[in-house]
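K.L.:
So the protein lines, in turn, are chains E and B.
For the first sequence, the working numbering assigns the number 1 to the initial residue and increments by one for each residue that follows.
For the second sequence, the working numbering assigns the number 206 to the initial residue and increments by one for each residue that follows.
Even glycine gets a Cβ: it sits at the ideal position worked out from N, Cα and C.
Protein chains: 2
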Amino acid sequence: MTREIPDIVIGRLPIYLRELIRLTEDEGKINTSSHELGKRLGISSAQIRKDLSHFGEFGKQGTGYHIHYLVEQLREILQLTKEWDVAVVGAGYLGHALAHYHGFEHRGFRISWIFDSDPEKIGQQMDQLIVQDVSQLEKVVSENHIKVAIIAVPASHAQEITNRLVTVGVRSILSYAPIHLTVPSGVEISYSDPVIQLQRMTYYL
Amino acid sequence: MTREIPDIVIGRLPIYLRELIRLTEDEGKINTSSHELGKRLGISSAQIRKDLSHFGEFGKQGTGYHIHYLVEQLREILQLTKEWDVAVVGAGYLGHALAHYHGFEHRGFRISWIFDSDPEKIGQQMDQLIVQDVSQLEKVVSENHIKVAIIAVPASHAQEITNRLVTVGVRSILSYAPIHLTVPSGVEISYSDPVIQLQRMTYYL
DNA sequence: TTAAAATTGTGAAAACTTACACGAATAAGT
DNA sequence: ACTTATTCGTGTAAGTTTTCACAATTTTAA
Numbered sequence: 001m002t003r004e005i006p007d008i009v010i011g012r013l014p015i016y017l018r019e020l021i022r023l024t025e026d027e028g029k030i031n032t033s034s035h036e037l038g039k040r041l042g043i044s045s046a047q048i049r050k051d052l053s054h055f056g057e058f059g060k061q062g063t064g065y066h067i068h069y070l071v072e073q074l075r076e077i078l079q080l081t082k083e084w085d086v087a088v089v090g091a092g093y094l095g096h097a098l099a100h101y102h103g104f105e106h107r108g109f110r111i112s113w114i115f116d117s118d119p120e121k122i123g124q125q126m127d128q129l130i131v132q133d134v135s136q137l138e139k140v141v142s143e144n145h146i147k148v149a150i151i152a153v154p155a156s157h158a159q160e161i162t163n164r165l166v167t168v169g170v171r172s173i174l175s176y177a178p179i180h181l182t183v184p185s186g187v188e189i190s191y192s193d194p195v196i197q198l199q200r201m202t203y204y205l
Numbered sequence: 206m207t208r209e210i211p212d213i214v215i216g217r218l219p220i221y222l223r224e225l226i227r228l229t230e231d232e233g234k235i236n237t238s239s240h241e242l243g244k245r246l247g248i249s250s251a252q253i254r255k256d257l258s259h260f261g262e263f264g265k266q267g268t269g270y271h272i273h274y275l276v277e278q279l280r281e282i283l284q285l286t287k288e289w290d291v292a293v294v295g296a297g298y299l300g301h302a303l304a305h306y307h308g309f310e311h312r313g314f315r316i317s318w319i320f321d322s323d324p325e326k327i328g329q330q331m332d333q334l335i336v337q338d339v340s341q342l343e344k345v346v347s348e349n350h351i352k353v354a355i356i357a358v359p360a361s362h363a364q365e366i367t368n369r370l371v372t373v374g375v376r377s378i379l380s381y382a383p384i385h386l387t388v389p390s391g392v393e394i395s396y397s398d399p400v401i402q403l404q405r406m407t408y409y410l
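Right, dumping it as structure tokens:
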């Protein structure tokens, strides 16, 4: 037992979580089934059941899943029962958009800090935050035990910022820089480059 | 022959393309090998060779790949030899960031239109563009034969905008709305929800 | 000229992921 | 009370993807 759970399974859990919350909060549903959830997400019901079975038995034959209970279980599994403080590095247009985006709230994250190197931007207010000097990055991140960061700097600075973040304890990084980043094992990295996504789709046009 | 090429292979081609361009433009390299490319991307050399072998024989034993030639081949495969006009729907902070981002240039895309429904925003200039009334969406998209769009509207409007885009011929959609969208077959969709990405990583913390 | 090193493309094996299909449990309907 | 519907969890089969390993070719070096 205690088998390693495939990354691909972990990757689907947040999708299930998001749809389950939509199902209760927007549509007032109390229960759902693997079939209903799968139909809404374009995923087979068998896959949803198999994925969840890695973690326990959350459903009931004949009835399906009690949404509130399943949501709580998924939150536990994904460690979303507390809110993670997130540092954003880069206060350009993208950093600005991230600072103003309220979609992090109630989903496990709070953008707590934003950094930039431009003296024009340092001290400026962005939503609830004040842009910090990136020279304070190490100090702030280590003092506040920040584990999660978002990189919104140009490609030319992304690897250096990554190295600095990792050195002071950051272990989950979402990067918007259009470049592959090297991180030590034990550090998770995820990329978002809109061009890569568009290029994949133009193949099928 | 003429076997269907796996989606997962198509998905890696843009990554290879991006790194190859970096290799020539930033580092002045003329040739590379599957081993070098793989090492830089954290992908096995065998996988790179196997992926490329779906489309032809682009390398030379003993030497590896001529980067310029391989880049041109990948651009052909991904249909990036022309520039695709892209419509952005939603001129909030995110639409603003997309309009000002110059990373689309030389990579096969040009943000050509941006739409919003807010009268305060319509007519405003964003980088080179003027925000258009979303009521003109169908007219503009069909008249300009736009095939690629980016959705940057709230979740509550994303499905409606998607439907309208698809109706007038859009076939590749990148959505930043935190919601699963339903599209007819033949339409490609790709999602970018930072929270989903962060939630996947917190599992490992 | 010959030997050693580098590198490709690929068939086959291994590993991984998804889909099928069914027993068991529950709920709904007659 | 009995029958029919639903739905879960899961062992197994099928399908997909990655890795291995090697013949063939080219380059480099002695």
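(1) Name the chain B residues that come within less than 7 Å of ARG40(E), Cβ to Cβ?
(2) Between the stretch 266-274 of chain B and the stretch 232-250 of chain B, do three or more beta carbon pairs fall short of 8 Å?
(3) Provide the residue span of the alpha helix (DSSP H) that contains SER156(E), from first to last.
(4) What are the residues of the stretch 389-405 of chain B that lie near chain E, defined by any Cβ-Cβ distance shorter than 7 Å?
(5) How is the beta strand (DSSP E) around HIS102(E) delimited, first residue to last?
(6) Within a Cβ cutoff of 6 Å, which residues of the same chain sit near GLY243(B), ignoring the five residues on either side of it in sequence?
(7) Taking the alpha-carbon positions, what's the GLY169(E) to TYR16(E) distance?
(8) Pick out the complete alpha helix (DSSP H) segments inside the stretch 279-361 of chain B, 4 residues or longer, and give them in chain order.
(9) Compile a chain-ordered list of the residues in the stretch 351-364 of chain B whose CB is closer than 8 Å to at least one CB of chain E.
(10) Please state whether the Cβ-Cβ distance between ARG110(E) and LEU80(E) is less than 9 Å.
(11) Is the beta carbon of VAL353(B) closer than 9 Å to that of ILE394(B)?
(12) CB THR367(B) to CB SER380(B), shorter than 9 Å?
(13) By the criterion of Cβ-Cβ separation under 7 Å, what are the contact partners of PRO14(E) in chain B?
(14) Tell me the residue span of the alpha helix (DSSP H) that contains SER395(B).
(15) Closer than 9 Å, CB to CB, is GLU19(E) near chain B or not?
(16) What residues in the stretch 69-89 of chain E have a beta carbon less than 8 Å from any beta carbon of chain B?
(17) Can you check DSSP and say which residues form a bridge with GLY59(E)?
(18) So, does the CB of ALA302(B) fall closer than 9 Å to a CB anywhere in chain E?
(19) Please state whether the Cβ-Cβ distance between VAL88(E) and ALA99(E) is less than 9 Å.
(20) Verify the CB distance criterion: does ARG369(B) have a CB-CB separation below 9 Å to chain E?
(21) What is the DSSP secondary structure of SER175(E), reduced to helix, strand or coil?
(22) Quick one: what's THR387(B) bridged to in DSSP?
(23) Can you name the residues of chain B whose CB is closer than 7 Å to the CB of TYR204(E)?
(24) Run through chain B and tell me which residues come within less than 8 Å of GLY11(E), C-beta to C-beta.
(25) Verify the CB distance criterion: does TYR270(B) have a CB-CB separation below 9 Å to chain E?
(26) When the Cα atoms are used, what is the spatial distance from GLN54(E) to PRO359(B)?
(27) Within 10 angstroms of the Cβ of LYS287(B), are there 16 or more other Cβ atoms? Answer buried if so, exposed if not.
(28) Rounded to a whole number of angstroms, what is the C-alpha to C-alpha distance between LEU218(B) and LYS60(E)?
(29) Which residue's Cα is closest to the Cα of PHE263(B): GLY247(B), ILE282(B) and ARG245(B)?
(30) Give the straight-line distance between the Cα atoms of ILE94(E) and GLN364(B), rounded to the nearest whole angstrom.
(31) Leaving out five residues on either side along the sequence, give the residues of the same chain with a beta carbon under 8 Å from the beta carbon of MET331(B).
(32) Can you name, in chain order, every residue of its own chain whose Cβ lies under 7 Å from the Cβ of TYR396(B), other than the five neighbours on each side?
(33) What separation, rounded to the nearest whole angstrom, lies between the Cα atoms of LEU403(B) and GLY64(E)?
(34) Tell me which same chain residues have a C-beta within less than 8 Å of the C-beta of ILE154(B), skipping the five on either side of it?
P.N.:
Inspection of the coordinates gives the following:
(1) HIS385
(2) yes
(3) 155-167
(4) GLU393, SER395, SER397, PRO399, VAL400, ILE401, GLN402, LEU403, GLN404 and ARG405
(5) No beta strand (DSSP E) holds HIS102(E); DSSP gives it neither H nor E.
(6) SER249, SER250 and ILE253
(7) 29 Å
(8) 298-305 and 342-348
(9) LYS352, VAL353 and ILE355
(10) no
(11) no
(12) yes
(13) ILE401, GLN404 and ARG405
(14) Note, SER395(B): premise wrong, no alpha helix (DSSP H); beta strand (DSSP E) at 393-396.
(15) yes
(16) ILE77, LEU78, GLN79, LEU80, TRP84 and VAL86
(17) TYR65(E)
(18) yes
(19) yes
(20) no
(21) strand
(22) None, per the DSSP bridge assignment.
(23) GLU393
(24) ARG405
(25) no
(26) Correcting the residue type first, residue 54(E) is His in the shown sequence and not Gln. Approximately 33 Å, taken between the alpha carbons.
(27) exposed
(28) 43 Å
(29) ILE282(B)
(30) For the record, residue 94(E) in the displayed sequence is Leu; it is not Ile. Distance between the alpha carbons of LEU94(E) and GLN364(B) is about 24 Å.
(31) ALA296, GLY300, HIS301, ALA304, HIS305 and ILE319
(32) SER380
(33) 28 Å
(34) As shown, chain B starts at 206 and ends at 410. That puts residue 154(B) outside it, with no answer to give.
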